[in-house]
Amino acid sequence: MKLFNITKEPINNQEVIDKVIHHNAGAVSVFIGTVREMTGEKQTRYLEYEAYVPMAEKQLEKIGDEIQEKWPSAKTAITHRIGTLQISDVAVAIAVSTPHRQDAFEASRHAIERIKEIVPIWKKEHYTDGEEWVGNQKGTKKYPEGRPERIEK
Amino acid sequence: MVQILLFASLAQQAGTQKVSLDLETPVTVEKVRDHLQNQLGELNGIENALVAVNEEYVDLTVEIKNGDTIAFIPPVSGG
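The listed protein sequences derive, respectively, from chains F and S.
The numbering of the first sequence is the numbering used here, which starts it at 169 and goes up by one.
The numbering of the second sequence is the numbering used here, which starts it at 32 and goes up by one.
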């Protein structure tokens, strides 16, 4: 049972939750990212996700390590889907269990924010009027150090 | 020989995700980037891509050795 994985199959949220439930957990916080139809005036028809799979799974594990360090009693599981996703499909499911609720909320937030910073996964929007790789690919964001902030090497 | 991996917009422009380059090593990331574009044509946005060697992020100053796999990682957009 892999706690951190990239899949081409639809995500079963309950399976992700079950991975973190244990007898000393008193709270499970779940974050589910779904495909949104409207972004401002733009209407999404569907999304395509691509990943550098082995590295993405390693980076997800790193996020798990970060959470473990900050909230030692936490247990984390993350599944991210790739391939073609339709509106309202689940793209990512994060479950974090802790003894008490406060830590679970904070840790699951940490996980999704870090996914957006360090995990090599890309989203291509197929709008009604064109397509675009998301993620500042027009070069408006620079990484002067050659990497985003807070990346461990 | 070094193995290059491209993703998202970079792979789309290149028309491929994988390229092998026969380079004299050790070689800098910058040189690899130049050779790659000599071979494939200009890749818009590669200057802003992060670099991972053998699945770990590295600084651009790192030296690439024979047999390494270098991935150019455009700004990510998971979640």
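C-beta: ideal position from N, C-alpha, C; glycine also.
Beta-carbon spacing of residue i, residue j below 8 Å
| i | j | result |
| --- | --- | --- |
| residue 40 of chain S | residue 105 of chain S | yes |
| residue 261 of chain F | residue 247 of chain F | yes |
| residue 218 of chain F | residue 250 of chain F | yes |
| residue 239 of chain F | residue 275 of chain F | yes |
| residue 170 of chain F | residue 263 of chain F | no |
| residue 259 of chain F | residue 203 of chain F | yes |
| residue 107 of chain S | residue 287 of chain F | yes |
| residue 109 of chain S | residue 284 of chain F | yes |
| residue 241 of chain F | residue 190 of chain F | no |
| residue 63 of chain S | residue 54 of chain S | yes |
| residue 95 of chain S | residue 47 of chain S | no |
| residue 216 of chain F | residue 252 of chain F | yes |
| residue 322 of chain F | residue 181 of chain F | Absent from the model: residue 322 of chain F. The displayed extent of chain F is 169 to 321, so no value can be given. |
Assigned secondary structure, residue i (DSSP; H/G/I helix, E/B strand, else coil)
| i | result |
| --- | --- |
| residue 69 of chain S | helix |
| residue 311 of chain F | Reliability fails at residue 311 of chain F, whose pLDDT of 49 lies under 50, so the model's placement of it is uncertain and the value that follows must be treated cautiously. Looking at residue 311 of chain F - three-state DSSP - the assignment turns out to be coil, as it is neither helix nor strand. |
| residue 276 of chain F | helix |
| residue 79 of chain S | helix |
| residue 182 of chain F | helix |
| residue 211 of chain F | strand |
| residue 95 of chain S | strand |
| residue 189 of chain F | coil |
| residue 218 of chain F | strand |
| residue 270 of chain F | helix |
| residue 287 of chain F | coil |
| residue 21 of chain S | The question about residue 21 of chain S has no answer, for chain S in this structure spans 32 to 110. |
| residue 55 of chain S | coil |
Residue i, enclosing beta strand (DSSP E) - first and last residue
| i | result |
| --- | --- |
| residue 204 of chain F | It is not in any beta strand (DSSP E) - residue 204 of chain F carries neither H nor E in the DSSP assignment. |
| residue 254 of chain F | 251-254 |
| residue 298 of chain F | 298-301 |
| residue 173 of chain F | 172-175 |
| residue 74 of chain S | Unbroken run through residue 74 of chain S: none, as it is neither H nor E. |
Run of the alpha helix (DSSP H) containing residue i, from where it starts to where it stops
| i | result |
| --- | --- |
| residue 234 of chain F | 221-238 |
| residue 43 of chain S | 39-45 |
Cutoff 8 Å: residue i Cβ touching any chain F Cβ
| i | result |
| --- | --- |
| residue 105 of chain S | yes |
| residue 67 of chain S | no |
| residue 109 of chain S | yes |
| residue 74 of chain S | no |
| residue 36 of chain S | yes |
Heavy atom of the ligand GDP within 7 Å of residue i beta-carbon
| i | result |
| --- | --- |
| residue 193 of chain F | Among the components of this structure there are no ligands whatsoever, and the ligand GDP is therefore not found. |
Beta carbon proximity, residue i to chain S, threshold 8 Å
| i | result |
| --- | --- |
| residue 220 of chain F | yes |
| residue 210 of chain F | no |
| residue 223 of chain F | yes |
| residue 303 of chain F | yes |
| residue 226 of chain F | yes |
Below-8 Å beta-carbon distance, residue i vs any chain B residue
| i | result |
| --- | --- |
| residue 86 of chain S | Any reference to chain B falls outside this structure, whose protein chains are F and S. |
message = For the segment 244-267 of chain F, list every residue whose C-beta sits within 8 Å of some C-beta in chain S, in sequence order.
response = 248, 259, 260
message = Counting only Cβ-Cβ distances shorter than 7 Å, please list the residues of the segment 39-59 of chain S near chain F, keeping chain order.
response = 39, 40
message = Closer than 8 Å between beta carbons: that is the criterion. Which residues of the segment 275-288 of chain F meet it against chain S?
response = 280, 283, 284, 285, 286, 287, 288
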